[in-house]
Amino acid sequence: MSKILIIGAGGVSRVAVKKCAMNSKVFSEIILASRTKSKCDLIASEIKDELHVEIKTAQVDANNVPELVTLIKEVKPDLVMNIALPYQDLTIMDACIQTGVDYLDTANYEHPDTAKFEYKEQWAKNEEFKKAGIMALLGSGFDPGVTNVFCAYADQYLFDEINYIDILDCNAGDHGYAFATNFNPEINLREVSSNGRYWQEGMWYETQPMEYMMKWDYPEIGVKDSYLLYHEEMESLVKNIKGLKRIRFFMTFGQSYLTHMKCLENVGMLRIDEVEVNGVKVVPLELLAKLLPDPASLGPRTVGQTNIGCVIEGTKDGQRKKVYIYNTCDHQTCYKETGAQAVSYTTGVPAMIGAKMLLESKWKGKGVFNMENFDAKPFMDELSVQGLPWKVIQMDADETYEVK
Ligand code: NDP
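For my numbering, add 9 to where a residue sits in the sequence shown, where the first one is 1.
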């Protein structure tokens, strides 16, 4: 029996709130707050109609710590789930420290003026969280999130030592638009237009955006061009998986997406600095985000599947070993269950499971934690029953694949 405060009412939140409502034995009281209260009310009324669960709603500007503190003191939740944007991570963490309430999010902090994707500022709050006697669980989405848990599961249960990890993220969904992003457009485009980076033998190596590509045969989907990107879970996995020699992250993109993105970049529409237009200051990427389809609206029209997983290589009992742990998710199945497409679904479900781990004290501690810091088994068990079943395939340890 716990009370949670969820902040943010976009595509991912819709799924997380619904999944919490479906697990009402654990999440007995849910309060949903966001910048635009009407979006919270819409989600709440859908859930009332479908599941007969009452959700209270509130308005909050999560950039404003005193406002957050007032709301948290009023609600008195056991946990705050931050499903707004990465820009709000630090303010919500500060409000949790001031009020002594546990914290969870799905993406690492980003400053609006620099697309950096690093945990530094959130990890720096470890002592304050410890002192307040509370815990923060960072990155409880799919990637980061489930991918960290897949690696932790392999480390704890399948290998003696892990040496190589490739995280492989494929969205083979088709929404029928010429160009749209499947989660918040601003955050998505900042991520994929940045330089790539991978880690090998203690060093980070930077690449041009989309410089390296490989063809990967995704189970249940087929062969897709997969590009090397930087992704935030690598930063914590490098610290936490002992024996690691290399970690990379690949994501699939179709030619049309890449051509649109290059064109938008070439004309300056991905810029995150202000430009003046007729005396009005505009950030081009923010304007573009307003023009693109709202990812939360893609649910009814997206067909196809996602497949996200980790290829992990290392040793067990003195033998080389390689496994592929992955989940496949169908956009329309997700839509029928939650009204959202699979990218929101694969993020919102693990957000709920992470919260469940905390509230049931299966994962507990004082300080700031990443997903791989805990026993992976209870989380993996929940994935199987909450809509994200996974598979482990044994691979030939001698098989190599080419990245060009
Ligand atoms: P959306 O843009 O659909 O939703 C964001 C929500 O946050 C909106 O309701 C928005 O309000 C609200 N919000 C923004 N700023 C504030 C503020 N200052 N105060 C209060 N509320 C605010 O995003 P998504 O649902 O697509 O993504 C949510 C989060 O999930 C993001 O952090 C994203 O990076 C993360 N994510 C993580 C993934 C993973 O696998 N780990 C994958 C995909 C997403 P308003 O309606 O007023 O704009």
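Where is the CB? At the ideal position from N, CA and C, for every residue including glycine.
Helix or strand or just coil, what does DSSP make of residue i?
i	result
R255	strand
Y344	helix
T190	coil
N32	coil
W372	coil
V21	helix
Y333	strand
M404	strand
M90	strand
Looking at the ligand NDP, does it come within less than 7 Å of residue i, judged from the CB to the closest heavy atom?
i	result
V110	no
G182	no
N135	no
I13	no
A18	yes
R257	no
F388	no
I334	no
Q350	no
Using the C-alpha atoms, what's the distance from residue j back to residue i?
i	j	result
V276	L294	11 Å
L392	M366	12 Å
I101	A93	10 Å
Y162	V291	45 Å
T216	C49	40 Å
R23	L301	19 Å
T66	K82	15 Å
Q350	Q209	35 Å
D407	V155	26 Å
For a quick check, are the C-beta atoms of residue i and residue j less than 8 Å apart?
i	j	result
G313	H340	yes
S306	A187	no
Y333	G323	no
T315	T355	yes
C160	L246	yes
L146	F378	yes
D103	I13	no
V62	S43	no
L99	E136	no
L253	I176	no
Y112	V89	yes
E381	N249	yes
D152	H240	yes
Mind checking if residue i is an interface residue toward chain C, Cβ cutoff 8 Å exclusive?
i	result
W225	Given the protein chain composition of this structure (a single chain), no chain C is represented.
Open item on the list: Any contact between the stretch 25 to 42 and the stretch 356 to 371? By contact I mean 3 or more CB pairs, one from each, below 8 Å.
Closed with: yes
Open item on the list: Would the stretch 236 to 251 count as touching the stretch 398 to 406 if we require 3 or more Cβ pairs under 8 Å?
Closed with: no
Open item on the list: Using 8 Å as the cut-off, can you tell me whether the stretch 199 to 210 makes contact with the stretch 232 to 243, which would need three or more C-beta pairs spanning the two stretches below that distance?
Closed with: yes
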